[in-house]
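In what follows, a structure is listed as structure tokens, so that the remarks can point back to it.
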Amino acid sequence: MTKYVFITGGVVSSLGKGIAAASLGLILKSRGFRVVNQKFDPYLNIDPGTMNPYQHGEVFVTDDGAETDLDLGHYERFTDENLSQSSNTTAGRVYLTILNREREGGFNGGTVQVIPNVTDEIRRRMLLPAQEKQVDFIITEIGGTVGDIESLPFLEAIRQIKYEVGVEHCVYIHLTLLPYMKKAQELKSKPTQHSVKELQGLGIQPDIIMLRSEIPIDSATREKLALFCNVRSDCIIENLNAKSIYEVPLMMEKEGLGRAVCRALNIEDSPSHLERWAAMVDQMYHPVRRITIALVGKYVELHDAYLSVVESLLHAGIHNKTEVIIDWIAAEELSDAESTARRLGGAAGIIVPGGFGGRGIEGMIRAAEYARTNGIPYFGICLGMQILVIEYARRVLGLERANSSEMDAAAPDAVIDLMPDQDGKILGGTLRLGKYECALVPGSISARAYGAQTVWERHRHRYEFNNSYRSRFEQNGLAVTGVNPERNLVEIVEVSGHPWMVGVQFHPEFKSRPDRAHPLFREFIGAAVHRAEEAR
Ligand code: GLN
358 MTKYVFITGG VVSSLGKGIA AASLGLILKS RGFRVVNQKF DPYLNIDPGT
408 MNPYQHGEVF VTDDGAETDL DLGHYERFTD ENLSQSSNTT AGRVYLTILN
458 REREGGFNGG TVQVIPNVTD EIRRRMLLPA QEKQVDFIIT EIGGTVGDIE
508 SLPFLEAIRQ IKYEVGVEHC VYIHLTLLPY MKKAQELKSK PTQHSVKELQ
558 GLGIQPDIIM LRSEIPIDSA TREKLALFCN VRSDCIIENL NAKSIYEVPL
608 MMEKEGLGRA VCRALNIEDS PSHLERWAAM VDQMYHPVRR ITIALVGKYV
658 ELHDAYLSVV ESLLHAGIHN KTEVIIDWIA AEELSDAEST ARRLGGAAGI
708 IVPGGFGGRG IEGMIRAAEY ARTNGIPYFG ICLGMQILVI EYARRVLGLE
758 RANSSEMDAA APDAVIDLMP DQDGKILGGT LRLGKYECAL VPGSISARAY
808 GAQTVWERHR HRYEFNNSYR SRFEQNGLAV TGVNPERNLV EIVEVSGHPW
858 MVGVQFHPEF KSRPDRAHPL FREFIGAAVH RAEEAR
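Its first residue numbered 358, the sequence shown is counted upward by one per residue in our numbering.
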């Protein structure tokens, strides 16, 4: 019988609910349970695909091509379970479904209302994972904070679900902030009490309260919270600030989160197996060296816009026993050869991640040129691969106005271009999304890194390498080493004779795991370490 865990947040946002949900997933999985995480977001966008990265951070892409909230990246990295279209639902998606049905006459002339129609649709979606595969636990995170107007239908839905699936199969976890007042030298429980009261007013009694706190929670505060919030004192779980998010599951397990969840559901607890994870965290905390990687992008002010890339660099660092320091460089800063050399001179490797639109492109091209001509390891991801190709076309093939037609529709040499079958007009509808096959050329850097002939990687882009230039590139030292066999699309390019200059049209960062770094990130950091050691 599937068990349902609902995680809500209170007091303030940004408490790390996603990390808490992901940690619980890992903790339960390590006990041998089959788990799946999902997230419900109360905003009205259909998905975050068309949202500005500055607003929303990274768009995480699943195997089946869903454009989702970045918390899904945490879920996948912690639980090592691949998620799907049904794993992230927004209020917009719920309303779209209902309104389409209304237009088709699906309500037989009835009045369509938030309750029961919207809540029914939310509940239907919340239960979907159990229909898709056999799972023991569905962990559902509700975005936003209790008290938000837009969260109400979601909270009502999780209240109703308890009676739909049976009270003994449901557990509610509420995550709040326990502020520490320096002057009074006291942890303040009042905001949590208020938040729990708000939930109770909606008919939801939390079973477990998780508290973000700067300092350990004393027993008096625990007792007080237990008493006022109607929970057992061992269901008050402290969630201290961690040095790394990857330590959080270990801390939560020590605090008894897994035990509390099992007991609340009346299931026999079994020992967790987090040894491998703990070894990974230990290795992360004990690097033997440190290197700097320059990340050249257009949204660098908001690091969350590149969350999975950052995590993948960290994973590769763990594998290589190396602390990876990221030097965040706004592409526009690289305005000429001199500023480029000054900013990039100290980097052991250069990474140009994905992006949309023309801003900063010329700076990225300078970064690629600097990497190519100075033998610095370069990893181009999606836009970063297209940049590598454009730079190569301009400087090596001598096509001075080569560009992507995304940046310059009138470019005489559109070495990156739309495919003839794309009309490119409707945003959000014409991207190549999700996993596609990539056949690797034996002996290439990529084939050796993967140790495979065929791989599947996730995509999120509209433009492609223009095959009509392919033979000219190949004759001049840019090797095509990965191709999508179905449509003959170029997926990977490598600069011959360069220590490590690789561009990939896909997003390898979505498949990296802390204890299993993505092969290309792993080798990129390996090459950067080599470079740093040579320079010493
Ligand atoms: N803007 C480019 C394209 O659409 C690259 C996209 C990306 O980097 N995700 O093809």
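Where a beta carbon is used, it is the ideal one built from N, C-alpha and C, also for glycine.
Quantities reported herein were computed from a predicted structural model and do not represent experimental measurements.
Query                                                                                                                                                               : Result
Restricting to runs no shorter than 4 residues, where is the alpha helix (DSSP H) found entirely within the stretch 813 to 843?                                     : 827 to 832
Over what stretch of residues does the beta strand (DSSP E) that includes Gly-737 continue unbroken?                                                                : 735 to 738
Please return the same chain residues whose Cβ sits closer than 7 Å to the Cβ of Pro-769, not counting the five positions on each side in sequence.                 : Arg-758
My output table needs one value for Leu-784: the three-state DSSP class, helix, strand or coil.                                                                     : At Leu-784 the pLDDT is 45, less than 50, meaning the model places this residue with poor confidence; the figure from the coordinates comes in the next sentence. Three-state result, Leu-784: coil.
From the DSSP output, which residues share a beta bridge with Phe-417?                                                                                              : Thr-425
According to DSSP, simplified to helix, strand and coil, what is Ser-722?                                                                                           : The residue you asked about is not Ser; residue 722 is Ile in the sequence shown. DSSP places Ile-722 in helix when its eight states are reduced to three.
Decide if the stretch 623 to 639 is in contact with the stretch 678 to 698; the criterion is three or more beta carbon pairs, one per stretch, under 8 Å apart.     : no
Please identify the residue among Leu-381, Leu-383, Thr-502 and Gly-375 whose C-alpha is closest to the C-alpha of Tyr-336.                                         : This structure gives no information on residue 336, because the portion of the chain shown stretches from 358 to 893.
Quick one: Cα of Ile-499 to Cα of Gly-422, how far?                                                                                                                 : 22 Å
Can you tell me whether DSSP reads Leu-484 as helix, strand or coil?                                                                                                : helix
Mind pulling the beta strand (DSSP E) runs of 3 or more residues that sit fully within the stretch 424 to 485?                                                      : 445 to 447
With H, G and I counted as helix, E and B as strand and the rest as coil, what does DSSP make of Met-608?                                                           : helix
By DSSP, does Phe-494 sit in helix, in strand, or in coil?                                                                                                          : strand
Name, in chain order, the residues that DSSP records as bridge partners for Tyr-529.                                                                                : Phe-363
Could you compute how far the alpha carbon of Glu-658 sits from the alpha carbon of Val-681?                                                                        : 19 Å
Can you name the residues that DSSP bridges to Thr-649?                                                                                                             : Ile-682
Using CA coordinates, which residue listed in Gln-562, Lys-539, Ala-541 and Gln-542 is at the minimum distance from Gln-550?                                        : Gln-562
Do Phe-736 and Phe-867 come within 8 Å of each other at the CB atom, strictly closer than that value?                                                               : no
For Phe-397, list the residues DSSP reports as bridge partners.                                                                                                     : Thr-446 and Ile-499
Could you pull the DSSP bridge partners for Ser-570 from this structure?                                                                                            : Leu-597
Quick one: residues in its chain with C-beta nearer than 6 Å to the C-beta of Val-369, no 5 flanking neighbours on either side, listed in chain order?              : Leu-534
Just mark Met-358 as buried or exposed, buried being the case when its beta carbon has 16 or more other beta carbons within 10 Å.                                   : exposed
The ligand GLN heavy atoms versus the CB of Tyr-820: any closer than 7 Å?                                                                                           : yes
Assuming contact is defined by CB atoms lying nearer than 8 Å, are Ala-617 and Asp-591 in contact in what I supplied?                                               : yes
Closer than 7 Å: is that where the CB of Leu-877 sits relative to any heavy atom of the ligand GLN?                                                                 : no
Taking one C-beta from the stretch 837 to 857 and one from the stretch 432 to 446 each time, how about it: are there three or more such pairs within less than 8 Å? : no
To which residues does DSSP link Asp-774 through a beta bridge?                                                                                                     : Glu-821
Can you look up Glu-658 in the DSSP assignment and give me helix, strand or coil?                                                                                   : coil
For the putative contact between Gly-741 and Gly-860, defined by C-beta atoms under 8 Å, what is the C-beta separation to the nearest angstrom?                     : 6 Å
Whose C-alpha, out of Arg-829, Val-588, Val-847 and Met-858, is nearest the C-alpha of Cys-795?                                                                     : Val-847
Taking the continuous alpha helix (DSSP H) assigned at Val-368, which residues delimit it?                                                                          : Val-368 -> no alpha helix (DSSP H), and no H or E assigned at all.
Please find out if some non-hydrogen atom of the ligand GLN comes closer than 7 Å to the beta-carbon of Leu-584.                                                    : no
Is Phe-713 a contact residue of the ligand GLN, with contact defined as CB to any heavy atom under 7 Å?                                                             : yes
Distance check for Glu-424 and Gly-785, CA to CA, integer angstroms please.                                                                                         : For Gly-785, the predicted model reports a pLDDT of 44, less than 50, meaning its position is unreliable; a value from the coordinates is still stated below. Taking the straight line from one Cα to the other gives about 10 Å.
With a CB to CB cut of under 8 Å and the five nearest residues on each side skipped, what residues in its chain are close to Glu-690?                               : Ser-696, Arg-700 and Gly-720
Do Ile-495 and Ile-364 have their C-beta atoms closer together than 8 Å?                                                                                            : no
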